[in-house]
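Here the structure comes first, spelled out in C-alpha cells, and everything after it is commentary.
2 protein chains.
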Amino acid sequence: MKHTEGLEWAAHACSLLAALPPDTSLPARLLAEFFDLPEPYLAKQMQKLSAAGIVETRRGPRGGYALARPPAQITLLDMVQAIDGPERQFRCTELRRCGPSGVADDKYLRPCGIARSMWRAEAAWRRELAGVTLADILKMGMQDTPPEQAAKALAWFHDKLSQDTTAKE
Amino acid sequence: MKHTEGLEWAAHACSLLAALPPDTSLPARLLAEFFDLPEPYLAKQMQKLSAAGIVETRRGPRGGYALARPPAQITLLDMVQAIDGPERQFRCTELRRCGPSGVADDKYLRPCGIARSMWRAEAAWRRELAGVTLADILKMGMQDTPPEQAAKALAWFHDKLSQDTTAKE
Ligand code: FES
Ligand code: FES
Numbered sequence: 001m002k003h004t005e006g007l008e009w010a011a012h013a014c015s016l017l018a019a020l021p022p023d024t025s026l027p028a029r030l031l032a033e034f035f036d037l038p039e040p041y042l043a044k045q046m047q048k049l050s051a052a053g054i055v056e057t058r059r060g061p062r063g064g065y066a067l068a069r070p071p072a073q074i075t076l077l078d079m080v081q082a083i084d085g086p087e088r089q090f091r092c093t094e095l096r097r098c099g100p101s102g103v104a105d106d107k108y109l110r111p112c113g114i115a116r117s118m119w120r121a122e123a124a125w126r127r128e129l130a131g132v133t134l135a136d137i138l139k140m141g142m143q144d145t146p147p148e149q150a151a152k153a154l155a156w157f158h159d160k161l162s163q164d165t166t167a168k169e
Numbered sequence: 001m002k003h004t005e006g007l008e009w010a011a012h013a014c015s016l017l018a019a020l021p022p023d024t025s026l027p028a029r030l031l032a033e034f035f036d037l038p039e040p041y042l043a044k045q046m047q048k049l050s051a052a053g054i055v056e057t058r059r060g061p062r063g064g065y066a067l068a069r070p071p072a073q074i075t076l077l078d079m080v081q082a083i084d085g086p087e088r089q090f091r092c093t094e095l096r097r098c099g100p101s102g103v104a105d106d107k108y109l110r111p112c113g114i115a116r117s118m119w120r121a122e123a124a125w126r127r128e129l130a131g132v133t134l135a136d137i138l139k140m141g142m143q144d145t146p147p148e149q150a151a152k153a154l155a156w157f158h159d160k161l162s163q164d165t166t167a168k169e
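So the sequences go chain by chain: B and L. In this text, residue positions in the first sequence follow the UniProt record's numbering: the first is 1, and each later residue adds one. In this text, residue positions in the second sequence follow the UniProt record's numbering: the first is 1, and each later residue adds one.
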C-alpha cells in the first residue's frame with residue numbers, strides 16, 4: 001500500500017495555489033517550472049484535481065489553474081482521493097468462498113473479519129485526512145517555510161507574471 | 001494507495017493456521033488447494049510471512065507452515081507489514097526544496113505540513129491494525145463462518161491429512 005509521488009506534487013501544487021493572491025491562476029507550465037517537475041506528468045495530476053472539482057481552469061491571458069473553492073473547504077482527503085481514486089485500499093475478493101469449503105453466496109451474511117478490520121483501519125485513516133484542510137496546510141507552511149524560500153518564491157512569481165504580461169502586451 | 005491481493009491471501013492463510021489444532025502444520029500445496037489459489041503465488045506470500053517471523057516451517061512427514069507464535073501475539077499490522085513492507089505509505093521526496101525557490105537543506109527544520117499530516121493519518125491507521133490480533137480474527141471467523149462451510153472444511157482436512165498419512169505409510 002503506497003501512494004504515488006503524484007500525490008506529493010498535487011498537494012504541493014494546491015497549497016501553492018492556495019498561497020497565491022485571489023484571482024491569480026497559474027498554467028501547468030509555470031507550476032512545473034516552480035517545482036522543477038516534468039510538465040506532462042504534473043499536468044496529469046492537475047487534470048485529476050480538476051476532474052475532482054478541486055481546481056478549475058481559468059481562461060484568458062492570465063489563465064491557468066486556480067482552486068475551485070476556498071482552501072478551508074478542500075481537505076487532504078479530497079486531494080488523496082482525487083489522485084489515488086476513491087476506492088477502498090483493501091479489496092476483498094471473497095477468498096473465503098473459494099476452494100473446497102466454499103458454500104452458497106447467500107450463506108455469508110457480512111464481510112469477513114479480516115475485511116472488516118482492514119476497512120475499520122482505513123476509516124480511521126480517512127477521518128484523519130478529512131480533518132486537515134488546505135487552509136491548515138497553508139498555515140503550517142507559513143510557519144515552516146524558511147523566510148529565504150518565501151522571498152525567493154515571491155521574486156520568482158513577480159518576475160514570471162510580469163514577463164507573461166509583457167509578452168502579451 | 002492499494003494493497004495487493006497477496007494480503008488477503010496471507011491473512012486468510014494465517015487465520016486458517018490459527019484455527020488448526022496445535023501441532024498441525026500445512027504445506028503450501030494444501031494451503032493453495034484449500035483456497036483454490038496458484039501455489040507459487042501463495043508460496044511467495046508465505047515466504048514473506050516467514051521472513052517476518054509470523055509463520056515457521058516445520059519439517060517431517062507432517063511438515064509445512066505453522067504459526068510461529070500464539071494468535072493473540074500476531075496483529076493485523078504484523079501481517080500487513082510483512083506483505084506490503086514496513087515503509088511508510090506516503091513517501092516525501094522533499095519537493096519543497098526543488099525548483100527556483102529551494103534553499104539550503106539545513107534551513108528546513110522539520111518535514112512539511114503535508115507530509116506530517118499524511119503520516120499522522122497513517123499512524124491512526126496503523127494503530128487500528130495493531131489493535132486487532134489473529135485471535136480476534138479467529139473469533140470473528142467463528143461467529144461468521146456458515147456452519148456448512150466449517151463442516152466442509154473439517155471434512156476436507158480430515159480427508160487430506162489422512163491421505164497424506166496413508167501415502168507415507
Ligand atoms: S474474504 Fe476477503 S478478506 Fe476475508
Ligand atoms: S516536501 Fe514532501 S510532502 Fe511536502
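The beta-carbon is built from N, C-alpha and C at its ideal position, and this holds for glycine as well.
Residue closest to residue i, alpha-carbon to alpha-carbon, out of the options
{"i": "Y108(B)", "options": "L76(B), S117(B), L95(B), P21(B)", "result": "L95(B)"}
{"i": "T4(B)", "options": "L26(B), L31(B), L30(B), K44(B)", "result": "K44(B)"}
{"i": "C112(L)", "options": "D144(B), C98(B), R110(B)", "result": "D144(B)"}
{"i": "Q47(L)", "options": "C92(L), R110(L), D105(L), A68(L)", "result": "A68(L)"}
{"i": "E87(B)", "options": "D136(B), P70(B), R126(B)", "result": "R126(B)"}
{"i": "M118(B)", "options": "A82(B), F157(B), F90(B), P40(B)", "result": "F90(B)"}
{"i": "L134(L)", "options": "P22(L), A11(L), A155(L)", "result": "A11(L)"}
{"i": "I137(B)", "options": "G64(B), P22(B), G63(B), L77(B)", "result": "L77(B)"}
{"i": "G6(B)", "options": "G60(B), D159(B), M79(B), P146(B)", "result": "M79(B)"}
{"i": "D106(B)", "options": "C92(L), P147(L), A72(L)", "result": "P147(L)"}
{"i": "residue 175(L)", "options": "S25(B), P22(B), E33(B), L17(B)", "result": "In the structure as shown, chain L starts at 1 and stops at 169, and residue 175(L) therefore has no counterpart that could be examined."}
{"i": "H158(L)", "options": "I83(L), R110(L), L20(L), E56(L)", "result": "L20(L)"}
{"i": "I54(L)", "options": "R110(L), P61(L), A13(L)", "result": "A13(L)"}
{"i": "A115(B)", "options": "A130(B), C92(B), A124(B)", "result": "C92(B)"}
{"i": "M140(L)", "options": "E8(L), S15(L), W9(L)", "result": "S15(L)"}
{"i": "P61(L)", "options": "M142(L), A151(L), D84(L), D23(L)", "result": "D23(L)"}
{"i": "P40(B)", "options": "D84(B), W9(B), G63(B)", "result": "W9(B)"}
{"i": "K152(L)", "options": "F35(L), S25(L), R59(L)", "result": "F35(L)"}
CB-CB length for residue i against residue j, believed under 8 Å
{"i": "Q149(B)", "j": "V132(L)", "result": "No, Q149(B) and V132(L) are not in contact; Cβ-Cβ is about 43 Å, not under 8 Å."}
{"i": "residue 204(B)", "j": "R120(L)", "result": "In the structure displayed, chain B extends from 1 to 169; residue 204(B) sits before or after that span and is not available."}
{"i": "A28(B)", "j": "L42(B)", "result": "6 Å"}
{"i": "A18(B)", "j": "P71(B)", "result": "4 Å"}
{"i": "T75(B)", "j": "A130(B)", "result": "5 Å"}
{"i": "K160(L)", "j": "L30(L)", "result": "6 Å"}
{"i": "G64(B)", "j": "L26(B)", "result": "4 Å"}
{"i": "A66(B)", "j": "R58(B)", "result": "5 Å"}
Proximal chain B residues relative to residue i, where beta-carbon distance stays under 9 Å
{"i": "M140(L)", "result": "C112, G113, I114, R116, S117"}
Partner residues on chain B for residue i, Cβ-Cβ distance less than 7 Å
{"i": "L129(L)", "result": "A121"}
{"i": "R96(L)", "result": "H12"}
Residues that residue i contacts on chain L, provided the C-beta gap is smaller than 9 Å
{"i": "I137(B)", "result": "C112, G113, I114, S117"}
{"i": "G102(B)", "result": "D36, Q149, K152"}
{"i": "A52(B)", "result": "Per Cβ cutoff of 9 Å: no residues; A52(B) is ~16 Å from chain L at best."}
{"i": "A28(B)", "result": "None at all; the shortest Cβ gap to chain L is about 14 Å."}
Where residue i meets chain B, residues with beta-carbon distance less than 8 Å
{"i": "T93(L)", "result": "E5, E8"}
{"i": "E33(L)", "result": "G99, P100"}
Contacts of residue i in chain L (Cβ-Cβ under 7 Å)
{"i": "D105(B)", "result": "Ordered by position in chain L, no residue passes the 7 Å Cβ test against D105(B), which lies about 10 Å from the chain."}
{"i": "V132(B)", "result": "S117"}
Closer than 8 Å at the beta carbon, the chain L residues around residue i
{"i": "A43(B)", "result": "Under the 8 Å cutoff, chain L gives no residues; its nearest Cβ is about 16 Å from A43(B)."}
Using a beta-carbon distance cut-off of less than 7 Å, what residues from the segment 143-167 of chain L approach chain B? D144, P146, E148, Q149, K152, A153, W156
Interface residues of the segment 107-121 of chain B facing chain L [CB-CB below 9 Å]: K107, Y108, L109, R110, P111, C112, G113, I114, A115, R116, S117, M118, R120, A121
Selection of the segment 1-24 of chain L by Cβ proximity to chain B, strictly under 8 Å: M1, K2, H3, E5, L7, E8, W9, A11, H12, S15
Contact list for the segment 72-87 of chain L against chain B, Cβ threshold 7 Å: L76, D84
Residue ranges of each alpha helix (DSSP H) run of no fewer than 4 residues wholly in the segment 46-122 of chain B, ordered along the chain? 76-84
Runs of 4 residues minimum, wholly inside the segment 128-158 of chain B: which ones carry the alpha helix (DSSP H) assignment? 134-144
Going along the chain, which residues of the segment 58-70 of chain B sit with their C-beta nearer than 9 Å to a C-beta in chain L? none
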